[in-house]
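J.:
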Amino acid sequence: MTVVNAQSIDEALHALAELPEPRLVAGGTDMMVEVNFGRHKPGDVVSLRQVRELRSWHRNDDGSIFIGSGLPYKVMEEGELAMMFPALAQAARTVGSPQIRAAGTLGGNLGTCSPAGDGLPVLAALDAEVHLRSLSGERRVPFSQFMTGVKKNVARSDELITGVTIPMTVGFQGYAKVGVRNAMVIAIASACFVHDESSNSVRLALGAVAPTIVRCTEAETYLDGVLAKATPITSHELDRFKELAASAARPITDHRSTADYRRHAVTILAKRFAERAFNVV
Ligand SMILES: Cc1cc2nc3c(=O)[nH]c(=O)nc-3n(C[C@H](O)[C@H](O)[C@H](O)COP(=O)(O)OP(=O)(O)OC[C@H]3O[C@@H](n4cnc5c(N)ncnc54)[C@H](O)[C@@H]3O)c2cc1C
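The opening position of the sequence shown corresponds to residue 34 in the numbering used here, with each subsequent residue numbered one higher.
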């Protein structure tokens, strides 16, 4: 096995293009589980741990924020990033244990593309774009077009996820997940809710209740209409919102939960977020 300890994005891209069976590894918290369970036998490994360009974030000229794919969750949990994106901080705090959060990255969450990945509903609700780079150039894919199925995405094998760009949004945002216990748990259902004050519109994305992360567009449009009336939300309107949110889910029954429970969990998450964000009578 060849192990390339890439020092730059360029070096990683050349290794990806030239090695016969390359596999990228960032924090290794997903990949090593696959290796330990014998589900994956790496051919060649391209480690991104020492690529400094991937392990940072910055503000773009238009005010949006670029987060490098190799930035560990622990950096998103507090500080400036957490102030700008509270939902991302809340999601980061729910990932595994401190050890997992010190090693695990958004790039790895995107690379694995599990419907239960905690970073993904946040990227969906914040309208993030994923940056993919290969030796032939860079392309930016809206998250809504990035994930195509369970553990499937549009990245080609010669492409590296360099990071995500997230537009700044002013207004309430939150992330929550339902699991069988309070910590170290994979989501049974998860949701990210964002209120964009500039357009007085909401976004709601769900995780772990469909093959991909889903946006609840009908529920969003409905609540936008309610907000446009500029009167407190009634309990009847709240009920309608949560039911529309649940109708966007396509849950399955598996070893973690039942489809019915997942649908119910979505109604609770949607209702709680609307209650936290707005005046409900
Ligand atoms: C004990 C434990 C608890 C966990 N709990 C949670 C949890 O609560 N929530 C959650 O969402 N996840 C959880 N996970 C899964 C994992 O920690 C996350 O998915 C994490 O984001 C993976 O990041 P990583 O850098 O470790 O990925 P890696 O394991 O390094 O990589 C994962 C996949 O992405 C690919 N990849 C990595 N970086 C890139 C890149 N830059 N470009 C293209 N492809 C790339 C790799 O080739 C691999 O296929 C847990 C894992 C463990 C072991």
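The beta carbon of each residue, even a glycine, is placed where N, CA and C say it ideally should be.
1. Could you spell out the range, first to last residue, of the beta strand (DSSP E) harbouring K210?
2. CB P154 to CB I285, shorter than 8 angstroms?
3. Let's see if you can read the secondary structure: which residues bound the alpha helix (DSSP H) around S190?
4. Using a Cβ-Cβ cutoff of less than 6 angstroms, which residues in the same chain neighbour R173 once the five nearest sequence positions on both sides are dropped?
5. By DSSP, does I266 sit in helix, in strand, or in coil?
6. Leaving out five residues before and five after T35 in sequence, what residues of the same chain have Cβ atoms less than 7 angstroms from its Cβ?
7. Following a CB-centred definition, is T202 positioned closer than 7 angstroms to any heavy atom of ligand 1?
8. Excluding the five sequence neighbours on either side, which residues of its own chain have a C-beta within less than 8 angstroms of the C-beta of I42, listed in chain order?
9. For my contact list, A224 and L143 are in at a C-beta cut-off of 8 angstroms; report their separation, rounded to the angstrom.
10. Any heavy atom of ligand 1 closer than 7 angstroms to the CB of D77?
11. Alpha carbon to alpha carbon, how far is V203 from T62? Give it in angstroms, no decimals.
12. Please check the pair L81 and A39, which I expect to be a contact at CB under 8 angstroms, by giving their CB distance rounded to whole angstroms.
13. Would you kindly work out how many angstroms separate the C-alpha atoms of N69 and F311, rounded to a whole number?
14. Would you kindly check if the distance between the Cβ of K107 and the Cβ of C146 is under 8 angstroms?
15. Expressed to the nearest angstrom, what Euclidean distance is found between the alpha-carbon atoms of A157 and A238?
16. Alpha helix (DSSP H) containing D257: first to last residue?
17. Could you give the uninterrupted runs of the beta strand (DSSP E) lying entirely in the stretch 45 to 100, keeping only those of 3 residues or more?
18. Going along the chain, which unbroken runs of the alpha helix (DSSP H) with 4 or more residues stay wholly within the stretch 105 to 140?
19. For ligand 1, I want to know if N142 counts as a neighbour, meaning its beta carbon is within less than 7 angstroms of at least one of the ligand's heavy atoms.
20. Using CA atoms only, rank isn't needed, just tell me which of H297, G150, G60 and F274 is closest to V313.
21. Going by DSSP, name the residue or residues bridged to G196.
22. Closer than 7 angstroms to a non-hydrogen atom of ligand 1 - does that hold for the CB of A188?
23. Do A120 and G207 have their beta-carbon atoms positioned less than 8 angstroms apart in this structure?
24. Does H91 pass the burial test, meaning 16 or more other C-beta atoms within 10 Å, or should it be called exposed?
T.: Working from what's here:
1. Note, K210: beta strand (DSSP E), Q206 to V211.
2. Against a cut-off of 8 angstroms, the Cβ pair of I285 and P154 comes out as no contact.
3. Here S190 belongs to no alpha helix (DSSP H), and DSSP marks it neither H nor E.
4. If we look at R173 and ignore the five residues flanking it on each side, its Cβ neighbours are E162 and H164.
5. Correct three-state label for I266: strand.
6. The residues are L52 and D77.
7. Not under cutoff, so the answer is no.
8. Excluding positions up to five away in sequence, the list reads V84, E86, L87, R166, L193 and T195.
9. Going by Cβ atoms, the distance from A224 to L143 rounds to 19 angstroms, so no, they are not a contact pair.
10. It does not: the Cβ of D77 is nowhere closer than 7 angstroms to a heavy atom of ligand 1.
11. Approximately 33 angstroms, taken between the alpha carbons.
12. With a contact defined as Cβ atoms closer than 8 angstroms, L81 and A39 qualify at about 6 angstroms.
13. N69 and F311: Cα-Cα distance of roughly 46 angstroms.
14. Contact: no.
15. Their backbone Cα atoms lie some 6 angstroms apart in a straight line.
16. First-last of the alpha helix (DSSP H) with D257: T250 to A261.
17. The qualifying runs are 55 to 58, 77 to 80 and 90 to 92.
18. If we require 4 residues or more, the alpha helix (DSSP H) runs fully inside the stretch 105 to 140 come out as 106 to 109, 113 to 117, 119 to 127 and 131 to 136.
19. Indeed, a heavy atom of ligand 1 lies less than 7 angstroms from the Cβ.
20. Ranking the options by Cα distance to V313, first place goes to F274.
21. Here G196 is bridged, per DSSP, to G101 and H164.
22. The answer is yes for A188.
23. Cβ distance < 8 angstroms, so G207 and A120 count as in contact.
24. So H91 counts as exposed.
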